[in-house]
Amino acid sequence: GNSVTQMEGPVTLSEEAFLTINCTYTATGYPSLFWYVQYPGEGLQLLLKATKADDKGSNKGFEATYRKETTSFHLEKGSVQVSDSAVYFCALYRGSNYKLTFGKGTLLTVNP
Amino acid sequence: KAGVTQTPRYLIKTRGQQVTLSCSPISGHRSVSWYQQTPGQGLQFLFEYFSETQRNKGNFPGRFSGRQFSNSRSEMNVSTLELGDSALYLCASSSGQATETQYFGPGTRLLVL
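Protein chains in written order, with this note's numbering: chain A, 1 to 112; chain B, 113 to 225.
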């Protein structure tokens, strides 16, 4: 079946540090890949997405590239801010079963 | 456009009771999905509806059920509540197309005592 594996953290960084959160997936066919972010007490917000191999999703300084050869979709940001503190979820979507499959989430804390 | 709305935002129930949660999708979206989020199991898929038809169901007991109305609004019901049903229940909507993004509501936090 489909699965997503991401580094669970927690990850603690200082402001302006470089961020990488690793995400790899297992799926048949060609899934769409997503990063969602969840702030305390809230639902999930879409951060970025990619729908085919070699696509790069980007938003708010975050980037991730859909790598089919390594089945990866690692999240990166060059300079994190305190406001980026949240839980980040990697997910894949297969249109054939109409559901998102999520990783376990990575808690990021950014200290000033 | 208004986002996905869920009501109520918080609920406290006791074991054995039943509960109904409601979700209104983004205007024009015809697909509604439900997910359960717990600290131990993470985010798990419950079911998905498109134009009033359930297209997929997750691995949950029959106590969990749902439906979708002609205006795309959806409800999920949990009967005979157990302590383990305490969770954040998230609803997401999309157009229903294969690569379309799912947009999430704020969730309903259910506490079963």
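Ideal Cβ positions, reconstructed from N, Cα and C, are used throughout, including at glycine.
Task: Interface positions of the region 48–64 of chain A facing chain B (Cβ-Cβ less than 7 Å), listed along the chain - done: K49 and T51
Task: Residue from B/R121, B/G208 and B/M188 whose Cα sits closest to the Cα of A/E42 - done: Translated into positions along the first sequence, residue 42 of chain A becomes position 42. Per the Cα distances, B/R121.
Open item on the list: Could you tell me the alpha carbon to alpha carbon distance between A/L47 and B/G217, rounded to whole angstroms?
Closed with: In the first sequence, the residue the question calls residue 47 of chain A occupies position 47. In the second sequence, the residue the question calls residue 217 of chain B occupies position 105. Cα-Cα distance, rounded: 15 Å.
Open item on the list: Just to confirm the assignment, what range does the beta strand (DSSP E) spanning A/A53 have?
Closed with: If you number the first sequence from 1, residue 53 of chain A lands on position 53. First-last for A/A53: undefined, no H or E at that position.
Task: Local Cβ density within 10 Å of A/I21, reported as buried at 16 or more and exposed below that - done: Here residue 21 of chain A is taken as the residue at index 21 of the first sequence, counted from 1. By the neighbour-count rule (16 or more Cβ atoms within 10 Å), A/I21 is buried.
Open item on the list: For the region 6–14 of chain A against the region 181–189 of chain B, do three or more pairs of beta-carbon atoms, one drawn from each stretch, fall closer than 8 Å, so that the two count as touching?
Closed with: no
Open item on the list: Short of 9 Å Cβ to Cβ, which residues in the region 86–101 of chain A face chain B?
Closed with: F89, A91, Y93, R94, G95, S96, N97, Y98, K99, L100 and T101
Open item on the list: Judging by CA-CA distance, which residue of A/Y93, A/P40, A/P112 and A/N111 is the nearest neighbour of A/T26?
Closed with: Taking the first sequence and counting its residues from 1, one reaches residue 26 of chain A at position 26. Answer by Cα proximity: A/Y93.
TODO: Verify whether the separation of the beta carbon atoms of B/S186 and B/S134 is less than 9 Å.
DONE: Within the second sequence, residue 186 of chain B is the residue found at index 74, counting from 1. Within the second sequence, residue 134 of chain B is the residue found at index 22, counting from 1. Yes. Within cutoff.
TODO: Closer than 7 Å by beta-carbon distance: list the chain A residues that pair up with B/Q148, in chain order.
DONE: Locating residue 148 of chain B in the second sequence gives position 36, counting from the first residue. Within chain A, no residue comes near B/Q148; the closest Cβ sits about 11 Å away, beyond 7 Å.
Task: Presumed contact (8 Å Cβ cut-off) between A/L119 and A/S85, rounded CB distance - done: The structure shown does not extend to residue 119 of chain A, since chain A is modelled only from 1 to 112, so the question has no answer here.
Open item on the list: Pop quiz: B/V190 and B/R175 are said to be a contact at Cβ under 8 Å. What is the actual Cβ separation, rounded to whole angstroms?
Closed with: Here residue 190 of chain B is taken as the residue at index 78 of the second sequence, counted from 1. Here residue 175 of chain B is taken as the residue at index 63 of the second sequence, counted from 1. Contact holds; Cβ gap of about 6 Å.
- [ ] Determine the burial state of B/T192: buried for a count of at least 16 other Cβ atoms within 10 Å of its Cβ, exposed for fewer.
- [x] Locating residue 192 of chain B in the second sequence gives position 80, counting from the first residue. Classification of B/T192: exposed, given that the 10 Å Cβ count is below 16.
TODO: Report the rounded CA-to-CA distance for B/I111 versus B/L200, giving the unit in angstroms.
DONE: Outside the modelled stretch of chain B, which goes from 113 to 225, sits residue 111 of chain B, for which no answer is possible.
Open item on the list: Looking at the strands, I want to know which residues DSSP matches up with B/L200.
Closed with: One-based indexing of the second sequence puts residue 200 of chain B at position 88. Answer is B/Q149 and B/R221, bridged to B/L200.
- [ ] Could you check what DSSP says for B/L193 in three-state terms: helix, strand or coil?
- [x] In the second sequence, residue 193 of chain B corresponds to position 81, counting from 1. DSSP places B/L193 in coil when its eight states are reduced to three.
TODO: Identify the contact partners of A/G43 in chain B, using a Cβ-Cβ distance below 7 Å as the criterion.
DONE: In the first sequence, the residue the question calls residue 43 of chain A occupies position 43. Result: L202, F216, G217, P218 and G219.
- [ ] Please list, in chain order, all residues of the same chain as A/L33 whose beta carbon is under 6 Å from its beta carbon, the five residues on each side excluded.
- [x] As a first step, residue 33 of chain A is located in the first sequence; it is residue number 33 there, counting from the start. Same-chain partners within the cutoff: A50, Y66, F73 and L92.
Task: Endpoints, beta strand (DSSP E) assigned at A/T5 - done: For the purposes of this step, residue 5 of chain A is taken as residue 5 along the first sequence, with counting starting at 1. Note, A/T5: beta strand (DSSP E), S3 to Q6.
TODO: Using only alpha-carbon positions, find the residue among A/D55, A/D54, A/Y88 and A/N111 that is nearest to A/P40.
DONE: As a working mapping, residue 40 of chain A is identified with position 40 in the first sequence. Taking only the C-alpha atoms, the option nearest A/P40 is A/Y88.
Open item on the list: For B/V207 and A/S96, what's the separation of their Cα atoms in angstroms?
Closed with: Here residue 207 of chain B corresponds to residue number 95 of the second sequence, with the count starting at 1. Here residue 96 of chain A corresponds to residue number 96 of the first sequence, with the count starting at 1. Residue identity differs from the one stated: residue 207 of chain B is Ser in this sequence, not Val. If you take the alpha carbons of B/S207 and A/S96, they lie about 15 Å apart.
- [ ] Counting only the same chain and skipping the five closest in sequence on each side, list residues whose C-beta sits under 8 Å from that of B/G115.
- [x] Position 3 of the second sequence, counting from 1, holds the residue named residue 115 of chain B. Only I138, Y215 and G217 meet the Cβ criterion.
Open item on the list: Using C-beta distances below 6 Å, list every residue in its chain close to B/Q130, excluding the 5 sequence neighbours before and after it, in chain order.
Closed with: For this step, residue 130 of chain B is matched to residue 18 along the second sequence. Cβ neighbours of B/Q130 beyond the five flanking positions: S191.
Task: Residues of its chain near A/S58, where Cβ-Cβ distance is below 7 Å and the 5 sequence neighbours each way are ignored - done: Residue 58 of chain A sits at position 58 when you count from the first residue of the first sequence. Within the same chain, A/S58 has close Cβ partners L48.
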